[in-house]
Amino acid sequence: MKKFRILIVDNDDPFRQILKTTLRVSLPTIAIDEAAGGGEALQKVDILLPDLIFMDIRLPGENGLKLTKKIKAIHPNITILILSSYDKPEYREAASQYGADRFLVKTSLNHMELGELVKSYQKL
């Protein structure tokens with residue numbers, strides 16, 4: 017059976033490390049990879065075929081929304097969760113329009129909820 021794989025795409029290295037550590041505590045058996053930007057993310061998606069992507073909405077160069085649309089066009093079964101520091105209705109709407117499966121506010125994430133969220137996608 018294929019190991020469940022997560023890709024974290026965020027240009028904020030400290031945030032990536034915190035998210036990765038938080039996920040490892042709740043889900044020690046999953047594979048977690050990371051990318052700091054769009055180009056690196058696209059390469060890793062094609063090579064690793066992650067099951068779930070945590071995608072920052074604001075990335076240098078190509079933003080997370082456009083990247084989500086590109087990935088979903090090629091790999092529609094990959095679950096993409098958009099991350100933002102701001103809980104704005106227009107961000108939520110844009111995430112939905114670009115094909116994201118869910119919108120999450122970074123400041124409201126906690127490790128118990130994150131673990132349960134990922135487990136819910138593992139069962140799909």
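Just so you know, we're using this note's numbering here: the sequence shown kicks off at 17 and counts up by one.
Cβ coordinates follow ideal geometry from the N, Cα and C atoms, glycine included.
Predicted model only: the values in this text are computed from it and were never measured.
Can you give me the C-alpha to C-alpha distance between T123 and K85, rounded to a whole angstrom?
Per the coordinates, the alpha-carbon of T123 lies some 24 Å from the alpha-carbon of K85.
Find the nearest neighbour of D28 within the set L99, R21, S42, judged by alpha-carbon distance.
L99
Checking 8 Å against the spacing of the C-beta atoms, do I48 and I22 come in under that value?
In contact: I48 and I22 (Cβ atoms closer than 8 Å).
Give me whichever residues DSSP pairs with L23 in a beta bridge.
D49, I69
Where V41 and K139 are concerned, what is the direct C-alpha to C-alpha distance, given to the nearest angstrom?
19 Å
Just verifying my parser: in three-state terms, what is the DSSP assignment at S101?
coil
Where do the ends of the beta strand (DSSP E) carrying R40 lie?
No beta strand (DSSP E) holds R40; the alpha helix (DSSP H) holding it covers 29 to 42.
Please classify P66 as buried or exposed, where buried requires at least 16 other C-beta atoms within 10 Å of its C-beta.
Burial is judged here by how many other beta carbons sit within 10 angstroms of a residue's own beta carbon; P66 has at least 16 and is buried.
I'd like the span of the alpha helix (DSSP H) that includes L120, first residue to last.
In the DSSP annotation of this structure, L120 is not part of any alpha helix (DSSP H); the continuous beta strand (DSSP E) holding it starts and ends at 118 to 121.
Distance check for L43 and M71, CA to CA, integer angstroms please.
When the Cα atoms are used, M71 and L43 turn out to be separated by approximately 19 Å.
For Y102, count the other beta carbons within 10 Å of its own beta carbon; 16 or more makes it buried, fewer makes it exposed. Which is it?
exposed
Checking 8 Å against the spacing of the C-beta atoms, do L75 and G54 come in under that value?
yes
Using the three-state DSSP reduction, which class does I96 fall into: helix, strand or coil?
strand
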